[in-house]
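Protein chains in written order, with full-length UniProt numbering: chain A, 1 to 375; chain B, 1 to 375. C-beta: ideal position from N, C-alpha, C; glycine also. All values derive from a computational prediction rather than experimental measurement. Scroll down for the structure; my scribbles are underneath it.
Listed below in structure tokens is the structure:
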């Protein structure tokens with residue numbers, strides 16, 4: 001069942017709307033209890049589809065074997081943590097988990113063409129999964145998007161539309177395009193989070209069917225917080241874990257609408273003036289599901305912290321000096337963990353898993369520039 | 001036990017030589033029978049270390065969770081094949097499997113500093129695993145190596161040495177450096193293939209504990225052929241599979257010393273004048289273990305074929321149009337499969353697995369250039 005948060009109206013799972021008729025966004029709610037069995041997981045495929053009993057789609061999935069990414073111990077300068085290397089999904093970011101489910105569900109529902117807007121990981125992922133699944137897609141990107149990102153999208157056969165103006169102008173152009181084509185936006189879709197959540201199931205399996213005390217994730221639109229909250233809630237409900245990990249989201253100081261709300265005890269993201277940040281993947285000034293994200297963070301007894309630009313760059317180099325090569329956005333978690341320890345949000349002796357979202361191989365030019373600047 | 005192919009001299013596993021005193025290369029031979037159990041594999045970690053009973057190293061491994069890469073069905077223009085997306089290893093290439101084992105074994109044997117020479121995937125992998133394992137490393141690269149590759153190596157904290165002249169001059173400089181530091185070369189090491197072989201175990205598991213009729217791999221130095229031959233031989237010996245897949249190696253026409261030898265029925269790679277190829281990762285004019293590679297190909301009833309530059313580029317775009325984004329080197333397998341079908345080396349109705357070695361995200365500039373040229 002899909003439900004609108006704004007007006008409570010419900011729709012069937014096979015409805016072909018990308019949002020409620022009132023304009024609100026839709027969220028998926030399961031109507032039957034889950035069936036989760038460790039044995040069926042262990043004997044399942046070596047991909048996120050080993051958790052298919054918790055993914056609400058039919059048998060014909062659009063998959064490139066996404067998931068089962070490494071969880072490895074490392075000292076990132078804050079004592080030992082567990083790094084979830086989720087940038088090792090097929091197109092170089094965790095978005096593949098969500099896009100796999102989203103494209104699968106849309107195809108089930110009869111969608112054959114769609115539009116997405118993104119300047120980065122989601123665009124590459126959407127273009128690739130549409131290619132894999134035989135869907136037509138048009139990706140709207142800001143005119144200044146790097147050639148490297150454009151070539152990955154175009155190589156997959158997607159139609160690339162470069163939009164003059166700001167990132168917001170790109171979204172507006174995509175919405176305009178959505179009048180005639182299905183708007184497949186991962187942020188609006190109720191299905192995206194149903195794929196993203198599988199990373200949390202994996203952490204549970206990889207930790208020997210247990211969960212960490214803390215989970216620290218980069219926070220932009222908040223799909224990682226929402227995915228983890230959903231997965232851990234399902235595991236709690238099924239009696240398979242005994243506590244909800246504290247979910248901590250990390251934003252860049254230059255774009256921290258959720259952190260500002262968290263600090264002030266507010267229920268909705270704060271309106272901010274966005275400043276450019278090296279963590280471009282989480283530079284979302286108006287997160288669509290911000291209220292829910294704040295509820296999940298508070299509901300898990302977690303927190304939200306913001307980190308400055310220098311500390312992000314230092315975090316990036318700290319990770320690469322451990323052999324872990326991520327894009328700058330992912331590196332917010334390194335100073336994030338430090339801040340969370342300082343503030344007491346993470347206590348000594350607790351276990352902490354840290355999520356790394358995007359590959360450094362996507363950001364070669366930027367990493368080169370940052371290395372030159374800091375020399 | 002390590003054994004020299006040239007003079008048959010043997011050494012213990014903990015010997016600290018990188019080659020035989022006679023100058024020949026060393027190969028590892030197991031002295032005890034293997035213990036392979038499907039149940040212990042299934043309950044093992046979600047990485048290549050689920051096959052640790054067949055990897056000859058001790059308990060303290062240098063790992064970033066490499067392995068368990070996707071195996072997915074796709075039509076690459078030649079009917080349905082199984083694509084092994086092994087570029088989804090931690091640093092973006094399958095080399096991580098071998099380098100994980102190699103660095104682990106060298107550290108066990110007391111090595112603390114090493115030298116490698118590479119202009120590409122092996123250098124990035126070695127730098128990253130040395131960083132992870134606390135080993136010092138110096139990577140020799142040709143002076144013309146792209147900034148992007150250099151930044152990945154330097155970010156991991158490796159010392160980068162740019163050598164004037166040709167690729168062969170770089171190898172000579174590394175050998176010269178090896179007088180004072182351990183030469184960790186993955187091509188010379190007897191341990192590299194013991195890691196690489198795990199991809200073939202994975203295919204066996206992913207196909208429901210069975211193996212394909214054919215395996216098609218890019219062929220440069222030949223570690224993929226040797227790794228697969230070793231793994232499948234071990235599985236045959238253990239009675240866990242009933243046939244050896246035909247192993248087919250694909251080279252670029254511009255650098256095909258093994259194909260030329262295969263065609264002429266010779267036992268050693270043919271001396272050739274190398275021409276530049278877009279498949280730079282397999283541009284090896286004098287493969288060190290070439291004789292063994294030819295033995296493995298013939299022993300498996302496989303073959304070796306060469307493909308031209310245009311067909312490699314077409315193969316690259318064919319893969320990307322399926323959502324599979326690899327570096328040009330990997331794309332040789334696409335025209336390779338076509339040729340193998342034409343020649344009858346692959347018959348109708350047979351199952352074929354195809355190996356993809358390196359990430360397209362490492363080759364953004366080159367892919368951009370190829371797209372511009374072909375427009």
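* Which two residues bound the contiguous beta strand (DSSP E) that contains residue 218/B? -> Mapped onto the second chain, residue 218/B falls at position 218. Note, residue 218/B: beta strand (DSSP E), 214-218.
* If we ignore side chains and look at the alpha-carbon of each, how far apart do residue 89/B and residue 266/A end up? -> What you label residue 89/B is simply residue 89 of the second chain in a count that begins at 1. What you label residue 266/A is simply residue 266 of the first chain in a count that begins at 1. Each residue's alpha carbon lies about 42 Å from the other.
* Other residues of its chain near residue 154/B: CB distance less than 6 Å, five sequence neighbours each side excluded -> For the purposes of this step, residue 154/B is identified with residue 154 of the second chain, where counting begins at 1. Excluding residues within five positions, the ones whose Cβ falls inside 6 Å are 160.
* Per DSSP, which residues does residue 113/B bridge with? Please list them. => Looking up residue 113/B in the second chain gives position 113. Answer by DSSP bridge pairing, in chain order: 136/B.
* Measure from the C-beta of residue 44/A to each C-beta in chain B and report whether the shortest distance is under 7 Å. => Numbered from its first residue, the first chain carries residue 44/A at position 44. No, residue 44/A lies away from the interface with chain B (no Cβ there is under 7 Å from its Cβ).
* Meets three-Cβ-pair contact criterion under 8 Å: the stretch 32-43 of chain A and the stretch 310-317 of chain A -> no
* Asked: CB-CB under 7 Å to residue 285/A, same chain, minus the five flanking residues each way: which ones, in chain order?
  -> Within the first chain, the letter at position 285 stands for residue 285/A. Excluding residues within five positions, the ones whose Cβ falls inside 7 Å are 255, 257, 272, 274.
* Asked: How about residue 183/A and residue 241/A: are their beta carbons less than 7 Å apart?
  -> Within the first chain, residue 183/A is the residue found at index 183, counting from 1. Within the first chain, residue 241/A is the residue found at index 241, counting from 1. Cβ atoms of residue 183/A and residue 241/A: not closer than 7 Å.
* Taking the alpha carbon of residue 7/B as the point to measure from, which residue in 317/B, 20/B, 135/B has its own alpha carbon closest? -> Translated into positions along the second chain, residue 7/B becomes position 7. It is 20/B whose Cα lies nearest to the Cα of residue 7/B.
* Can you list, in chain order, the residues of its chain whose CB lies under 6 Å from that of residue 133/B, leaving out five sequence neighbours each side? -> Residue 133/B sits at position 133 when you count from the first residue of the second chain. Closer than 6 Å at Cβ, skipping near neighbours: 62, 103, 107.
* Please confirm if the stretch 342-360 of chain B is in contact with the stretch 323-330 of chain B, defined as three or more CB-CB distances below 8 Å between the two stretches. => yes
* To do: Please work out which residues of its chain come closer than 7 Å, Cβ to Cβ, to residue 235/B, disregarding the five sequence neighbours upstream and downstream, and give them in chain order.
  => Within the second chain, the letter at position 235 stands for residue 235/B. Closer than 7 Å at Cβ, skipping near neighbours: 204, 241.
* At least three beta-carbon pairs within less than 8 Å, the stretch 15-35 of chain B to the stretch 361-368 of chain A -> no
* So, helix, strand or coil for residue 242/A, using DSSP? -> For the purposes of this step, residue 242/A is taken as residue 242 along the first chain, with counting starting at 1. Correct three-state label for residue 242/A: coil.
* Asked: Is the beta carbon of residue 353/A sitting closer than 7 Å to the one on residue 215/A?
  -> In the first chain, the residue the question calls residue 353/A occupies position 353. In the first chain, the residue the question calls residue 215/A occupies position 215. Cβ distance < 7 Å, so residue 353/A and residue 215/A count as in contact.
* Compute the Euclidean distance between the alpha carbons of residue 97/A and residue 317/B, then round it to the nearest angstrom. => Against the first chain, residue 97/A aligns to sequence position 97. Against the second chain, residue 317/B aligns to sequence position 317. C-alpha separation (whole angstroms): 24 Å.
* Can you pull the chain B residues whose beta carbon is under 7 Å from the beta carbon of residue 335/A, in chain order? => Mapped onto the first chain, residue 335/A falls at position 335. Neighbours of residue 335/A on chain B: none; closest Cβ ~18 Å, over 7 Å.
* To do: Say whether chain B places a C-beta atom closer than 7 Å to the C-beta of residue 274/A.
  => The residue labelled residue 274/A in the question sits at position 274 within the first chain. With 7 Å as the cut-off, residue 274/A does not count as an interface residue toward chain B.
* Measure the CB-CB distance between residue 92/A and residue 128/B and report whether it falls below 7 Å. => Position 92 of the first chain holds residue 92/A. Position 128 of the second chain holds residue 128/B. No, Cβ-Cβ distance for residue 92/A and residue 128/B is not below 7 Å.
* Which ranges would you report for the beta strand (DSSP E) in the stretch 241-317 of chain B if only whole runs of at least 3 residues count? -> 246-252, 303-307
* Note down, in chain order, each residue of its chain lying with its Cβ closer than 7 Å to the Cβ of residue 200/A, except the 5 sequence neighbours on either side. => For the purposes of this step, residue 200/A is identified with residue 200 of the first chain, where counting begins at 1. For residue 200/A, where only same-chain residues beyond five positions count, the Cβ hits under 7 Å are 227, 228, 231, 232.
* Asked: Rounded C-beta distance between residue 65/B and residue 70/A? I'm assuming under 8 Å.
  -> Here the question's residue 65/B lines up with position 65 in the second chain. Here the question's residue 70/A lines up with position 70 in the first chain. Confirmed, Cβ separation roughly 2 Å.
* Asked: Can you list, in chain order, the residues of the stretch 54-69 of chain A whose Cβ is nearer than 8 Å to any Cβ on chain B?
  -> 63, 64, 65, 66, 68, 69
* Sequence-distant residues of its chain with Cβ nearer than 7 Å to residue 46/A (five each side left out) -> What you label residue 46/A is simply residue 46 of the first chain in a count that begins at 1. Only 68 meet the Cβ criterion.
* **Secondary structure, alpha helix (DSSP H): runs of 4+ residues fully inside the stretch 156-202 of chain B** => 167-177, 192-196
* Can residue 453/A and residue 195/A be called in contact, C-beta distance under 7 Å? -> Residue 453/A lies beyond the range of chain A shown here (1 to 375); nothing can be said about it.
* Identify whether residue 4/A lies in helix, strand or coil by the three-state DSSP scheme. => Counting from 1 along the first chain, the entry for residue 4/A is found at position 4. In this structure, residue 4/A counts as strand in the three-state DSSP scheme.
* Asked: From residue 331/A to residue 319/A, what does the alpha carbon distance come to, in whole angstroms?
  -> For the purposes of this step, residue 331/A is identified with residue 331 of the first chain, where counting begins at 1. For the purposes of this step, residue 319/A is identified with residue 319 of the first chain, where counting begins at 1. Each residue's Cα considered, the two are about 8 Å apart.
* Taking Cβ positions only, does residue 132/A come closer than 7 Å to chain B? -> For the purposes of this step, residue 132/A is taken as residue 132 along the first chain, with counting starting at 1. At least one chain B Cβ lies under 7 Å of residue 132/A.
* **Endpoints, the alpha helix (DSSP H) within which residue 339/B is located** => For the purposes of this step, residue 339/B is identified with residue 339 of the second chain, where counting begins at 1. Here the alpha helix (DSSP H) through residue 339/B covers 333-342.
* Of all the options 350/A, 372/A, 280/A, 375/A, which has the alpha carbon lying nearest to the alpha carbon of residue 122/A? -> Stepping through the first chain from its first residue, residue 122/A is reached at position 122. Of the listed residues, the one whose Cα sits closest to residue 122/A is 280/A.
* **Members of the stretch 158-181 of chain B that neighbour chain E once the beta carbon cut-off is set at 8 Å** => Absence of chain E from the displayed structure is noted, the protein chains being A and B.
* Report the rounded CA-to-CA distance for residue 260/B versus residue 175/B, giving the unit in angstroms. => The count along the second chain starts at 1 and reaches residue 260/B at position 260. The count along the second chain starts at 1 and reaches residue 175/B at position 175. C-alpha separation (whole angstroms): 28 Å.
* Use the C-beta contact count for residue 222/B: other C-beta atoms within 10 angstroms, 16 or more gives buried, fewer gives exposed. => Locating residue 222/B in the second chain gives position 222, where the first residue counts as 1. Residue 222/B should be labelled buried.
* Leaving out the 5 sequence neighbours to the left and right, which residues in its chain are closer than 6 Å to residue 164/B when beta-carbon positions are compared? -> On the second chain, residue 164/B is found 164 positions in, with the first residue counted as 1. Only 143 meet the Cβ criterion.
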